[in-house]
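This note's numbering puts the first residue of the sequence shown at 1, with every later residue one more than the last.
Yeah, the Cβ is synthetic: ideal placement off N, Cα and C, and Gly gets one too.
Please read the structure below before turning to the comments.
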Amino acid sequence: MIGIAEFKLLEPEAPSIQMNSKAIREMFSSSDLPVFLSEIRLRKLVDERENLLGQVKKLKAQVEQKKLRNGTEGSSPEGEVLENGTDPHIQDLQRDASRQLSDLKFKLVKSEQEVTALEQNVTRLEGQVTRYKGVSENAEKVEDELKAEKRKLQRELRSTLDKIDELESNNSHLSKRLDKMKANRTTAPIP
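Okay, structure coming up:
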């Protein structure tokens, strides 16, 4: 009887090289990490699918060989003549092969569904990355515009403060002259 290998999706292995905490933070904060993990799982599912297809083909070939062999032998291993020309042992083998074949087909369908789901997930994540990049670029553009506006307003503020200082100085000078003129008028004889 042919055994069915059990397949199990493995989580991606941790990097074997030592990394400092900053590199680890950068690796996990990267927006490409979900896409990277999805691609790893997708590759594993595709490999599993190909392996299952190979096993299905192998089992079909074995069933065909047994059918051909049984057709030429025509008798059971004990030498009995069977009513329908089939050996119960061969029927058991065919049932087992058929069951294994249906199990493998089920696993194949399931892995294809998982591949489809992962592909949709990758597409969705790529869309999110594109959207976030656009938002980031727009925010940078607005930030640059605001910085330019801030510099312009600071220049205007400095210019205005300089004018205020000049006017206050001029006002002080004129106030002193006015006071001086008032003082001269009060001391001057009236004609």
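Of the listed residues the options, nearest to residue i (C-alpha basis)
i	options	result
R41	K105, D103, Q120, Q55	Q120
L93	G134, R131, V63	V63
V203	V115, V129, E137, A148	Residue 203 lies beyond the residue range present for the chain, which begins at 1 and ends at 191; the question has no answer from this structure.
G54	K182, Q154, K150, L108	L108
S102	L153, K60, A117, G127	K60
Unbroken alpha helix (DSSP H) run spanning residue i, endpoints
i	result
D87	It is not in any alpha helix (DSSP H) - D87 carries neither H nor E in the DSSP assignment.
Whole-angstrom distance between residue j and residue i, CA atom to CA atom
i	j	result
L174	K180	10 Å
S38	N138	28 Å
G134	N51	41 Å
T130	E143	20 Å
R43	L125	17 Å
S76	D87	In this prediction, S76 has a pLDDT of 47, which is less than 50 and means its spatial position is unreliable; what the coordinates show is noted afterwards. Between S76 and D87, the C-alpha separation is close to 5 Å.
Q113	D96	26 Å
T186	R177	14 Å
E149	K163	21 Å
K182	R158	36 Å
K105	V56	8 Å
K147	T160	20 Å
E140	V122	27 Å
L167	N184	25 Å
Close beta carbons around residue i, own chain, < 8 Å, minus the five adjacent residues each side
i	result
L205	Any answer about residue 205 is impossible in this case: the structure gives the chain only from 1 up to 191.
Nearest-angstrom Cβ-Cβ length linking residue i and residue j, presumed shorter than 8 Å
i	j	result
S111	R49	5 Å
I90	K58	Rounded, the Cβ-Cβ distance is 18 Å, inconsistent with contact.
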